[in-house]
Amino acid sequence: MDQAASTTPRPATQLPLSVTQEAMWVTWQLDPAKWEHILPLALAVEGELELPRLRAAVAQLLRRHPALRARVRRSSEGMCLDWSETAEDAVPVSVRTVTTSRAAALAAAQVPFDLDAGPLTRVEVLTGADWTVLLVTVHHITLDGTSLPILLDDLRRAYAGEELEPSADLAPLLEHARCSREAAEGERGEPLRAYWREALAELPPARLLPEAAGGTGEDGAPPGPFAVDAELTLRVRELARELGVSYFTVMLGALFVTLHHHTGSSDLIISAPYHGRSNKALIDRVGFFVNVLPFRQRIRPSDSYADMLRELRSTVRAGLRHGDLPLPSILRSADLLGPAGRDQSHQVVFEYWNSAGDVGLDVYDFELVGERARCSVRLLDPTDVADYRLTVMLTEGSNGSRMLWKDAVGSVGPTVTAELARDYLAVLADLVAAPHRSLAEAAALLPAVTHAVATPGLSTRAAGEPSAAAATVAEVRAIWTEVLRVPDILPEDSFFELGGHSLIAATLLARINERLRVELTVRELFSHPRLVELAALVDRQRAVPPAAAAEVPEHQDGAWGRVFPAAGFQEGIWLAERLDPSHARYHIPLFWRVEGALDPARLRAALVLLVARHEILRTRFVDHDGRLFQEVGPAWEPELAQVSPGVASGAEEQQWLHTWSEAAAGTFAPAAGRLLAAALVTLPSGDRLLALCIHHLVVDGESVPLLLRELELCYQQSGDAAAQLPPPRQYRELVHSQQVGTGRARATADLAYWSAQLAGAPSTLGPSTAVDLSGRTPGSTVLPLATDLTQRLRGVQEQWQASQFMVTATALAAALHRWSGRPDLTFGVPVANRAGGAFDEVLGPCLNTVVLRSRCAPDTTLTELLRATRERVIEAFEHQGAPFDEVVRRLRPARTAGRTPYVDCMLNSVGTARWSATLGAARLAALDHDLQNEETNKFGLTVTFNQREDGLLGTLAHRSGFLRADEAVKLAAELADLLNRFEELGDEPVLSAPLIPAPAPGPGANPTPIPTSETS
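Residues 445 to 1460 (the numbering used here) make up the sequence shown, in order.
Here you go:
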């Protein structure tokens, strides 16, 4: 934590949201009108309510528990509950006389809250013909079920005339929110994440509760609240004592058996709330501390009821020991995200509330004592709605045991819900009568299930939706698994939800097109993002006879020899280094922490074998009449320096690695063909690092995972001389495919597209006479992105069938439009042009630059800009075959030294999740590869997004001649704000209320690099 954050006092009127509370807020943003996460406390009143005393008591409640009058707002440290602008009497007590039944009146009172505006409490007195209800409705984000008896006891005391204590110390609540964040994101939470990752691993495909017949409009009424027979409850408690399990475990176990019978699944998840008050200071506090835990139970026919319950007891105990990890983090750790994950985790929740076990107040029978009279009060059956298809609620109190089965949105239907409730009671009675009966025998005693079991992607598909042959689904799934590296993909899984993005789309499509003999485009993938939809499209294309393809004559020289032209990307690097040798450094420093035993001799042998296998690592770059050529040389043996620097801190370690990589890059001579350096570093602590420095002429970022896979193979070979590695494809094959035959024909066609697309486009973000940026001091600032931004953007992506990259590109375009005042602008995007993905396993640089052009009118909304950007991105990736330098030569824009036409700003999207490796017994854990950001920034602005396991990171690098440091910080803040609030801002005009003022030159600054209005 930085010092500023730690020393700035937090306002006494703010309470930061925990991870689970923030997830509620995100859910509300997605659908503000949804009746979800609302707690209506309906209190039946017999006798006279003294309204002045009630209003005074409510005011005291709001004073003692100020979160009840709060709203949700953003603070400097994230989202929080804030009551700074709401008075203690902000919640009026309204009185209404109604002519409907009590149930109808309570249903009509179900009005959602506005979390942005607050307050998050309503108090109403509803009076009917022969009934009175005091209805206290609160949003779940302010308190949980365990808080209700505490809150009602405070109401009772205040109504009786007691003066409630003032608002209690917020410190325990602040600590809870902090611990929630630390568990979700910090190192101390890793044991919790590891437990849930293991507990929920390798789930089979979900078998769902059936959909209601005819959709959610099935006629009939679901079963209402009902009392559980007192004798049965007593026998359940006796059995629990005999088996050494809890009453809750027996009741939950019966539900597992019932769901097994109705779904046919033998591996089920039922979620249940956990009070979350592991800190004793929270025991008697009103607030939201509850967590929901997904308990997993396997049903084995040979097990008895008792066997199953003892196993479930262990599962529950282990879950509770690890119950401080917020549910969103549990699901993220177990990779239960998206629709497929929700099918697993959000089918059924079992809510057990023993009101008698909380405080002394009996919420089902207490009194409000006033000055003139007293009235009796009892809590009616709860009617809150959980975010699950089916909620099974069991309450215990002075009114006995009662159950309520709630099908919140009617997706299961009253018929099946009633059958489930009936069979649950039958299972419970049989369980206590014959606890040692096998589960197979128990199932035979239940009525046969007549409804169909739903399986995601199969029986749940509505008529008219796309279907695909099972064999085609399997073929497409295999390619998705291979490219996305995600196991157990289901037919309904989405390309976007599984981590797919624009940069990986070409690889996926190339393999599908090659293996399945179809011609799918990027646009078709983005329009059919679910696996089953894409498989159906494959089937449709296969059903149509292919048109005869026009033959393109191959180059007469055939395959190239050991001397061949350089790729356009390589030639651009070579020219830049020749024009500006002092500043143009194109090298990639890579660092890993070595965990485990690593043999230096084997590592050096692996590096030698790596160079021998891949021609690009032994290629010389030579000038022939002003044109760059590549010449494959003989194998050479790279040295592995073994060094022990005396560095004592992380900062010193980073500085040493930076110095080493700069020194290594200084020795590189492209004409010599030895453009790789390696060192094994031993730190004073005994930790070891592996450092590589490689010239950009031979490797790019897209090649790093392949480089590591090859290094793993070579290290294995160095320890096993008998092993034979298959020969790899070589870089010259890729360059040949791009520059001759069909590759050249495609490039020519793509060049025509870019000529039209960029006609008349401004080539800079500022006037062409702007200052030369070469040699200007670089700088970098981190984008203040929300830690859960990836999750926040998923709804936008799904709604508009857009990748995360498309959303970030839209936000960047919006920020640049606001900042520059230009309605028409361009920025660059690097793409890996691997001949349509056919050369994915070739080591070597394949980067090309495509240009995104953005136009924004005064009334263009952010959503409209997203839709336009989505189209531009798809078109750009469909026409990425034209080398960028050829596009520039064709358009002949005005040029300025040190600046690249159309690319004053470059948008990078990288993923370093696969930049780790295993060498024998050693694990190479990738360090942050950010040391080179400032030094290798070749553009006025470079915005880089890095998708890592812990979230989306972003940086904005800049040249000082283009942008001052203070302006860069403001621009980074605006870009981050656009992303953090993307969905909220969707309907807002992009150019309205810009956050950042127009830039103005500071003392001694160069002329303002970017104007605030269009200049021609």
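Just so it is clear, CB atoms sit at the ideal spot from N, CA and C, and this is done for glycine as well.
Comparing alpha carbon positions, the residue from T707, H706, A716, G708 closest to M695 is A716. Following the DSSP letters along the chain, one finds V539 inside the beta strand (DSSP E) bounded by residues 537-541. Sorting V976, D1284, L1309, A1276 by C-alpha distance to the C-alpha of A1259 places L1309 at the top.
Secondary structure note for T1304: it is in no beta strand (DSSP E), with a DSSP letter that is neither H nor E. The segment 1253-1268 makes no contact with the segment 975-982, as fewer than three CB pairs between them are under 8 Å.
With a cutoff of 7 Å on beta-carbon distance, V1275 and Q1324 are scored as near each other. The alpha-carbon of S528 is positioned some 12 Å away from that of R507. Distances from the CA of L942 to each of L1084, A877, Q1248 were compared; the closest alpha carbon is that of Q1248. Contact between the segment 523-543 and the segment 622-630 is not established, with fewer than three Cβ pairs separated by less than 8 Å.
In this chain, K1414 is not harboured by any beta strand (DSSP E); it is covered by the alpha helix (DSSP H) spanning 1409-1424.
A contact is defined here as three or more CB-CB pairs under 8 Å, and the segment 1076-1092 meets this definition with respect to the segment 1105-1122. Taking a cut-off of 8 Å on C-beta distances, the segment 500-517 does not touch the segment 1402-1417, as fewer than three cross pairs fall below it. Restricted to the segment 786-849, the beta strand (DSSP E) segments that are unbroken, complete and at least 3 residues in length are 792-798, 810-813, 818-823, 834-841, listed in chain order.
Cβ-Cβ distances below 6 Å link T1254 to L1309, L1310, T1313 in the same chain, with the five nearest sequence neighbours on each side left out; the list follows chain order.
A straight-line Cα-Cα distance of about 37 Å links L461 and S710. Along the segment 679-724, the beta strand (DSSP E) occurs as fully enclosed runs of 3 or more residues at 711-718, listed in sequence order. Looking at V962, V689, A456, R974, the one whose alpha-carbon comes closest to that of R986 is V962. Scanning the segment 479-510 from its first residue to its last, the whole beta strand (DSSP E) runs of 3-plus residues come out as 482-490. D1284 has no beta-bridge partner at all, per DSSP. Residue state for R1118 is assigned as coil, using DSSP reduced to three classes. Ranked by how close their Cα comes to the Cα of G1430, the residues Q1241, S1207, R1336, D1067 have Q1241 in first place. Between the segment 577-597 and the segment 481-488, the count of Cβ pairs shorter than 8 Å is three or higher; the stretches touch. Shown here, R921 sits in a helix according to DSSP, grouped into three states. Distance from the CA atom of T861 to the CA atom of E1428, rounded to whole angstroms, is 37 Å. The segment 729-738 and the segment 673-682 do not touch, with fewer than three beta-carbon pairs separated by less than 8 Å. Checking the DSSP bridge columns, you'll see V1226 partnered with T1399. Judged by DSSP secondary structure, S1162 falls within the alpha helix (DSSP H) whose first and last residues are 1148-1162.
Apart from sequence neighbours up to five positions away, the residues of its chain that approach A549 with a beta-carbon distance below 6 Å are V542, L570, ordered along the chain.
By the beta-carbon neighbour count (other beta carbons within 10 angstroms, threshold 16), A912 is buried.
By the Cβ-count criterion, H1068 is exposed, with fewer than 16 other Cβ atoms from all chains shown falling within 10 Å of its own Cβ.
In the three-state reduction of the DSSP assignment, C1349 falls in the strand class, which pools E and B.
Judged by pairs of C-beta atoms under 8 Å, the segment 1173-1186 touches the segment 1009-1017, as three or more such pairs exist. Residue pairing by DSSP places T1388 opposite N1352, T1399 in a beta bridge. With a contact defined as Cβ atoms closer than 8 Å, F692 and Y796 qualify at about 5 Å. The three-state reading of DSSP puts F1035 in strand, counting E and B together.
Approximately 4 Å separates the beta-carbon atoms of L769 and L636; this is inside 8 Å, confirming the contact.
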